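A.B. asks: Here it is: the structure, laid out below.
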Amino acid sequence: MTQHSTGTREEWQAARDELAKLEAEHAELTREVTEKRRQLPWVRVEKEYEFDTEDGKKTLAELFEGRSQLLAYNIMYGPDYEAGACPGCTSLGDELDAPRIHLGHQDVTLIGFSRAPIDRLAAYKERMGWKFPYVSTYGSDFPFDFGLALTPEQAKGMPPLQEMIENPPPFLKEWSKQVGAKLEDGLREAPSWIAFARENGTVYHTYTVTAPDPFVAPYHSFLLRRTPKAPPDDPQIQRKDEYPAAAR
2 MTQHSTGTRE EWQAARDELA KLEAEHAELT REVTEKRRQL PWVRVEKEYE
52 FDTEDGKKTL AELFEGRSQL LAYNIMYGPD YEAGACPGCT SLGDELDAPR
102 IHLGHQDVTL IGFSRAPIDR LAAYKERMGW KFPYVSTYGS DFPFDFGLAL
152 TPEQAKGMPP LQEMIENPPP FLKEWSKQVG AKLEDGLREA PSWIAFAREN
202 GTVYHTYTVT APDPFVAPYH SFLLRRTPKA PPDDPQIQRK DEYPAAAR
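The sequence shown begins at 2 in our numbering and counts up by one.
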């Protein structure tokens, strides 16, 4: 049973007022971080990249769809994944469609990237009911150039990653089964947000953030922070069509 305190309305209000001060400090820090993020120098993208989309080949500039900002989530779905994308990334993908209309009116195009071939992405997108543009970086240097994936050689040079592969905790063993890939292949994908700007015909890389940053998490995790009970420390994340029927 969850351990928690109980009290009077007056005690609750006093504790809530103290928490409000901390929340205000957190909000101010968030504003400062956002400003620092926007002050990062833009880096011109010199290399030409071409991507596979459901509408054929497109350049990085064409992915902007005429807007000046591009925000993309890199979903862990490598070419070696035989059972589908990472369930955690899939949960985040489930929540990308709703904000697209609002972002579009703020001059931002929102898309998803993955390294699996486009036909597999299209099939998975249909299975999940997603509408956002889902772009394949298969066969491109793009994910490696921007830290969205590791080459086998890069992965071997990372001792913490090799330790997880050689001595995986139970949840990683289960995750390997869920995606249908060996850990040495599956963990080379990096769940990440990446942002670009386009100005006077030039594309600039502006920002990247990779897990375990809180931003690289399903949006519903932010809602869970307002609930009275904390979720399990290591919840076994399922794809939405794999939950027991009663839980859907």
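Using N, Cα and C, we set each Cβ at its ideal position, and we do this for glycine too. Note that the coordinates shown come from a computational prediction; the quantities given were computed from them, not determined experimentally.
Helix, strand or coil for Lys174 per DSSP?
C.D. replies: helix
A.B. asks: Can you tell me whether Asp18 is buried or exposed, with buried defined as 16 or more other CB within 10 angstroms of its CB?
C.D. replies: Answer is exposed; the Cβ neighbour count stays below 16.
A.B. asks: In the structure shown, what three-state DSSP assignment does Lys157 receive?
C.D. replies: Lys157 falls in the helix class under three-state DSSP.
A.B. asks: Does any residue of chain C have a CB that is nearer than 7 angstroms to the CB of Pro170?
C.D. replies: No chain C is present in this structure, which holds just one protein chain.
A.B. asks: Sorry if obvious, but does the Cβ on Cys87 come closer than 6 angstroms to a heavy atom of the ligand ADP?
C.D. replies: You won't find the ligand ADP in this model; it holds no ligand whatsoever.
A.B. asks: If you run the structure through DSSP and keep just helix, strand and coil, what is Asp108?
C.D. replies: coil
A.B. asks: Within 10 angstroms of its Cβ, does Thr228 collect 16 or more other Cβ (buried), or is it exposed?
C.D. replies: Per the 10 Å Cβ criterion, exposed.
A.B. asks: Between which two residues does the beta strand (DSSP E) holding Lys59 run?
C.D. replies: 57 to 60
A.B. asks: List in chain order: all unbroken beta strand (DSSP E) runs of 3+ residues lying wholly within the stretch 181 to 236.
C.D. replies: 193 to 200, 203 to 211
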